[in-house]
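What follows is one structure encoded as structure tokens, with my remarks underneath.
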Amino acid sequence: MSGAWYLGWRYLVFHKFKSTILIASITLMLFLPAATRVLVSDSAAALTARADHTPLLLGAAGSPLELVLNSLYFHAGQPSAIGNETLARMQATGLGEFIPLNTRFHSRGNPIVGTTPDYFSFRGLELAEGRQMGMLGECVLGAGAAARQGVASGDYIVSSPETVFDIAGVYPLKMKVAGVLESSGSADDDAIFVDIRTSWIIQGLGHGHQDLARPEAGAGVLSRKDGVITANASVSQYAEITADNVAEFHFHGDTGEFPLTSIIAVPPDDKSATLLRGRYLSNDEGLQLVVPSAVLNDLLDTVFTVQNYVILGLAMLGLATVAVIMLVFLLSQQLRRGEFHTLSRIGASKTYIGLLVTSELAFVFVGSLLLVTLLIFVMKQYALQILQSFLTF
Amino acid sequence: MIEFRDVSFRYQGGVTSTSSATGFSGFAMHIQTLVVDRGERIALVGPSGSGKTTLLSLVAGILRPESGTVCVDDLEFSRLGDTAIRQFRIDRIGQVFQSFELLDYLSIIENVMLPWYIGQGSQKVGSQKMESRCRAHELLEGVGLASRANDRPDQLSQGELQRVAVCRAMLNHPPLLLADEPTGNLDQVNKQMVVDLLLQQAQQQDSTLLMVTHDQSLLGRFDTVLDIHSVSSDGAPP
Chain A
21 MSGAWYLGWR YLVFHKFKST ILIASITLML FLPAATRVLV SDSAAALTAR ADHTPLLLGA
81 AGSPLELVLN SLYFHAGQPS AIGNETLARM QATGLGEFIP LNTRFHSRGN PIVGTTPDYF
141 SFRGLELAEG RQMGMLGECV LGAGAAARQG VASGDYIVSS PETVFDIAGV YPLKMKVAGV
201 LESSGSADDD AIFVDIRTSW IIQGLGHGHQ DLARPEAGAG VLSRKDGVIT ANASVSQYAE
261 ITADNVAEFH FHGDTGEFPL TSIIAVPPDD KSATLLRGRY LSNDEGLQLV VPSAVLNDLL
321 DTVFTVQNYV ILGLAMLGLA TVAVIMLVFL LSQQLRRGEF HTLSRIGASK TYIGLLVTSE
381 LAFVFVGSLL LVTLLIFVMK QYALQILQSF LTF
Chain B
-2 MIEFRDVSFR YQGGVTSTSS ATGFSGFAMH IQTLVVDRGE RIALVGPSGS GKTTLLSLVA
58 GILRPESGTV CVDDLEFSRL GDTAIRQFRI DRIGQVFQSF ELLDYLSIIE NVMLPWYIGQ
118 GSQKVGSQKM ESRCRAHELL EGVGLASRAN DRPDQLSQGE LQRVAVCRAM LNHPPLLLAD
178 EPTGNLDQVN KQMVVDLLLQ QAQQQDSTLL MVTHDQSLLG RFDTVLDIHS VSSDGAPP
């Protein structure tokens, strides 16, 4: 390091506080617009990638954005439910593969996604350990969810009750972890997958309890008349589905009316897709069939517009920061006139003193650039999660 | 060693003096003849504002005369460019100032090495750094400050600071040592110590010492006492 550069370095090291403030100011000035751009572009790429792999999505009429975000990322508000019979009707068309989703419930912050095994092959999800869910009450966890809950295959998790203080409400269901998925770097990592019927049991549409026809249930039976057995509340319901009691789980009512959040439609070709879209052009049934990538592109158009305004604002803020930094720097040079005079008297040229000042600026800017690069690198790792947290409304 | 012939100097316009004194606008001096031999130890005296610091600055090539010739070590400054004079100053002239003028962000040993840091760009000899550091350490050892080599200037007393400044001036074995009131800010004990040090260093290196002082008690230590009025007349040359 030449003399001037060394002296510049020593000056910055000695005035740590001042140097730190300068570096922090310039870092922020450079980081904010760069981070905004990177965050938006990376997040947009990640968002559209998942949406691009989801051809069509059917859900209740309402906000298409809410439907897409909920069904693809299991975040955002819960859209209105559609009936299970819609799935049957779609399957009857033969226009593709149809995968139901029920995303209403959670377990300690992780979304419980009721679906069918087709979902795993559709998303290309592979098991890292254990096996697929084989019976009611079993679940398969995404890698992130398993890590967060601290469970592995063979352990148990419990669904979170929706109404804690409602004694007539739905009781939490204890579920066995059948397997854990490999990390996919998507929203599936944080999800807990159950069979669609298990999600209905969590909702209270199906349940299991002791067989009232058996003599040991006698204490709870109020009357037996014409084949109708009336029991009181002492009849115990099962909070866990096991191999012993699975046969006693049953659903009440018409399963065609059971709720689904949405149905992913995977038509085999463009013609089938067009036919499917044609069927749901009118809103007569209270349904909407959306193309997720188109919905997200609309969102991203808005995000990009906002981004441009934000960057414009940050640029103006940056100019003001540069002006203040220059002012501070010039005032600092005034205060250092004595020092420069001494250097000059000993033999330093104006060029040397200029190099000394330049070296200080260079160190500050290089330090800031390194810091910005590091921050951008760290931020890129979390770009999608950051955006998802913004989109959770 | 030092030779002034018919030298005229005038501060132009505002204050451009290297002195801390202000109000030099329009100050002028004329030196008909001044010759200082190598190895001489001279005390330069005279009232404030009489041009002692200006004379030292002319000798160091910091100021350029309006007319006349200034020769130092057989080099005529008027024939040299700024770069050459600066290099000459780094290599051949050691300077000690009244207010020490050490850099607060450098350690003591780095302050002593300051002429090396300044001259390094032109010398292009990286291996000299170690030699320079050894020399700085040796000088500090000579003034009893080797153990403080890595301290900061604000950790030293006034007397210690001036000893460090003398070491800085001596780094390049200069044949010419200029000291501008180096004892002005010191108590009696430190005054004697610093003058002893300057004289001792000048003797060891066979250097010429030109020291400005107001302290009458120190004059007896020098070979020659030069009153600025005996060599310089105010105003334009006659």
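These protein sequences, in sequence, are chains A and B. Going letter by letter, the first sequence gives residues 21 to 413 in this note's numbering. Going letter by letter, the second sequence gives residues -2 to 235 in this note's numbering. Backbone N, C-alpha and C fix where the C-beta goes; we use that ideal spot for every residue, glycine too.
Output the distance between the C-alpha atoms of A/A112 and A/L301, rounded to the nearest integer angstrom. 18 Å
Of all Cβ atoms in chain B, is any one closer than 8 Å to the Cβ of A/S39? no
8 Å contact criterion, which A/F118 and A/A285 should meet: CB distance rounded: 6 Å
Using CA atoms only, rank isn't needed, just tell me which of A/A80, A/L85, A/G387 is closest to A/I102. A/A80
For A/H227, which option in A/R244, A/E268, A/I249, A/V248 has the closest C-alpha, if you only look at C-alpha atoms? A/E268
Based on the DSSP secondary-structure assignment, which residues constitute the bridge partners of A/L126? Looking at the sequence provided, one finds His at residue 126 of chain A rather than Leu. Answer by DSSP bridge pairing, in chain order: A/P131.
Close beta carbons around A/E146, own chain, < 6 Å, minus the five adjacent residues each side: E202
Using a C-beta to C-beta distance shorter than 7 Å, which residues of chain B count as neighbours of A/A382? Within chain B, no residue comes near A/A382; the closest Cβ sits about 16 Å away, beyond 7 Å.
Amino acids of chain B, ordered along the chain, whose beta-carbon sits closer than 9 Å to that of A/R365: T15, S54, A57, I59, R86, Q92, F94, E98
Residues of chain B with CB closer than 9 Å to the CB of A/F349, please, in chain order. By Cβ distance, chain B contributes nothing, its closest Cβ being about 16 Å from A/F349, past 9 Å.
What does B/V67 pair with, by DSSP beta-bridge criteria? B/F1
Contact residues within the stretch 22 to 49 of chain A, judged by C-beta distance below 9 Å to chain B: S22, G23, A24, Y26, L27, R30, Y31, L32, V33, F34, H35
What span of residues does the beta strand (DSSP E) with B/T205 cover, start to end? 205 to 209
Mark A/L394 as exposed unless 16 or more other C-beta atoms lie within 10 angstroms of its C-beta, in which case mark it buried. exposed
Can you list the residues of chain A that B/R83 reaches, using a CB-CB cut of under 8 Å? G367, A368, S369
When the Cα of B/L216 is compared with those of B/Q202, B/V228, B/S230, B/E178, which residue comes out closest? B/E178
Relative to the C-alpha of B/S96, which residue among B/L223, B/Q201, B/Q159 is closest? B/Q159
Taking the alpha-carbon of B/A245 as reference, which of B/V56, B/R89, B/P62 has the nearest alpha-carbon? Any property of residue 245 of chain B remains undetermined from this structure, which presents chain B solely from -2 to 235.
Contact between the stretch 195 to 213 of chain B and the stretch 167 to 177 of chain B: three or more CB pairs below 8 Å? yes
Using 8 Å as the limit for Cβ to Cβ distance, is A/Y372 near chain B? yes
Please list the partners that A/T378 has in chain B, where partner means a Cβ-to-Cβ separation under 7 Å. The contacting residues do not exist; A/T378 stays about 13 Å from chain B at best.
Test item: CB-CB of A/G164 and A/V214 under 8 Å: no
Please state whether DSSP places B/S16 in a helix, a strand or coil. Caution applies to B/S16, whose pLDDT of 38 falls short of 50 and renders its modelled position unreliable; the value that the coordinates give is listed next. Note: B/S16 maps to coil in three-state DSSP.
Against B/T80, what residues of chain A qualify as contacts under a CB-to-CB distance less than 8 Å, listed in chain order? S369
Separation of A/V342 from B/T19, as counted between CA atoms: Model confidence at B/T19 stands at a pLDDT of 40, short of 50, so the residue's coordinates are unreliable and nothing is read from them.
In chain B, what lies closer than 9 Å to A/T362 by C-beta? F94, E98, L99, L100, L111
Looking at the structure shown, is A/D321 part of a helix, part of a strand, or coil, going by DSSP? helix
Sort A/F383, A/A167, A/Q401 by Cα distance to A/A44 and report the nearest one. A/F383
In or out: A/L347 buried (at least 16 other Cβ within 10 Å) or exposed? exposed
Enclosing beta strand (DSSP E) for B/R38 [first to last residue]: 38 to 42
Where A/R356 sits in the DSSP three-state scheme: coil
Taking A/L350 as the reference, give the member of A/T378, A/Q152, A/G174 with the closest Cα. A/T378
Which one of B/L99, B/L31, B/T50 has the shortest CA to CA distance from B/C68? B/L31
Go to A/D208, then tell me how far its beta strand (DSSP E) extends in each direction, as first and last residue. Premise fails: A/D208 is in no beta strand (DSSP E) and is neither H nor E.
Contact check, A/V200 vs A/S173 under 8 Å by CB: the rounded distance? 6 Å
For B/R38, collect the residues of the same chain with a Cβ closer than 7 Å to its Cβ; drop the 5 residues on either side in sequence, then sort them by chain order. L196, A199, L206, F219, D220
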